[in-house]
Structure formats: structure tokens, C-alpha cells
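What follows is a set of notes on a single structure, which appears directly below.
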Amino acid sequence: MAGRAGTLALLAALLVSGCSVARLPDTVAAREQTASQHRLDVADCKAEVGYRHNYNGDDSPLANGIRNVFVLGTGGAAVGGLLTGLPMSQLSPASEGVIAGAGAGGIAGSAISVSGRSRFEREWIACMESRGYRIVATPPAIH
Numbered sequence: 355m356a357g358r359a360g361t362l363a364l365l366a367a368l369l370v371s372g373c374s375v376a377r378l379p380d381t382v383a384a385r386e387q388t389a390s391q392h393r394l395d396v397a398d399c400k401a402e403v404g405y406r407h408n409y410n411g412d413d414s415p416l417a418n419g420i421r422n423v424f425v426l427g428t429g430g431a432a433v434g435g436l437l438t439g440l441p442m443s444q445l446s447p448a449s450e451g452v453i454a455g456a457g458a459g460g461i462a463g464s465a466i467s468v469s470g471r472s473r474f475e476r477e478w479i480a481c482m483e484s485r486g487y488r489i490v491a492t493p494p495a496i497h
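Residues in the sequence shown are numbered consecutively from 355, following the numbering used here.
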């Protein structure tokens, strides 16, 4: 009984840590940017870098991982189904192509998500520095 409670506590701790969203580092203007321009540059860099890396900086790493696995897994299943033929009815089993494509897409989605946050943050910092901001400090993750 104690082992089960410990396992559940560990699982809950892992899920909570995967659901936390780390704040991006604080920045200060190195030129004459206004507060309004600063907010726009932060949002623009988030959008630009997020688009390139398929990562949403406002979501947790867990949410980004689930989205990547789902989207790439579904896309892989569609490609596999087109190559080997899609099942014609609800009762027919899935073709090997659908299963293999879904598996490959899911694996690719997981691989992309593993280092997604660190890549996103590095490129966001580079984007903000290129627009004339200095990075103050990297804050700890918020739980």
C-alpha cells in the first residue's frame, strides 16, 4: 500500500513539473524603445521563434509535447494510409501503413519536444538582442 502511494506521489510530481510554464528572461531596452514597443517585440519574437520551432512559449513543455505527438502522429497515419490504402469501413482493421505512419509520427513528435524549451529560449534571446534589448537574468521555473 505504501509503495502505491509513493508511486502516485512521484507520478503527480512529474506531471506537475511538466505542466509548469517557465518564464522567459527579463529584458531591458538598450536603445530608446517604449514600453509598448517592448511588449510588441516580446510577442513578435515569441511568435517568430515559436513558428520556426513548432513550440508555443506560453504553453508547458508537456502541452507542447502532447500537441507535437498528436499532430505528427496523425499526419504520419494519413501518409501511411495513403501509401498502403486506407481501411474502407469502420470494421476493417487499420493497414500496416497507418500503424507504422502513426508510430513514426509519434516518435518524431516526441523527439522534437525533448529539447523544445531550451531551443525556443535560446532563439528568443537572440531575437530580442537583435532588436536592441539586453537580457537581465534567467528566472527559475514557476510551479
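Even for Gly, the Cβ is constructed at its ideal location relative to N, Cα and C. Note that the structure is predicted; figures quoted are calculated from it, not measured.
Asked, Found
"Beta-carbon proximity check, residue 429 vs residue 459, cutoff 8 angstroms", "yes"
"Buried/exposed call for residue 412, threshold 16 Cβ in 10 Å", "exposed"
"Coil, strand or helix - residue 409 by DSSP", "coil"
"Three-state secondary structure assigned by DSSP to residue 421", "helix"
"Residue 491, DSSP secondary structure in three states", "strand"
"Cβ neighbour criterion (16 or more within 10 Å) applied to residue 364", "Here the model assigns residue 364 a pLDDT of 47, short of 50, so the residue's position is not dependable and the matter cannot be decided."
"Local Cβ density within 10 Å of residue 423, reported as buried at 16 or more and exposed below that", "buried"
"Among 384, 377 and 439, nearest to residue 414 - alpha-carbon criterion", "377"
"Residue of 464, 425, 394 and 435 minimising C-alpha distance to residue 450", "435"
"Helix, strand or coil at residue 336 [DSSP, three-state]", "There is simply no residue 336 to check, as the chain begins at 355 and stops at 497 in what is shown."
"Proximity to residue 463 [Cα-Cα], best of 379, 420 and 404", "420"
"Continuous alpha helix (DSSP H) assignments of at least 4 residues falling wholly in the segment 378-408", "389-407"
"Simplified DSSP assignment, three categories, for residue 464", "helix"
"Where residue 449 sits in the DSSP three-state scheme", "coil"
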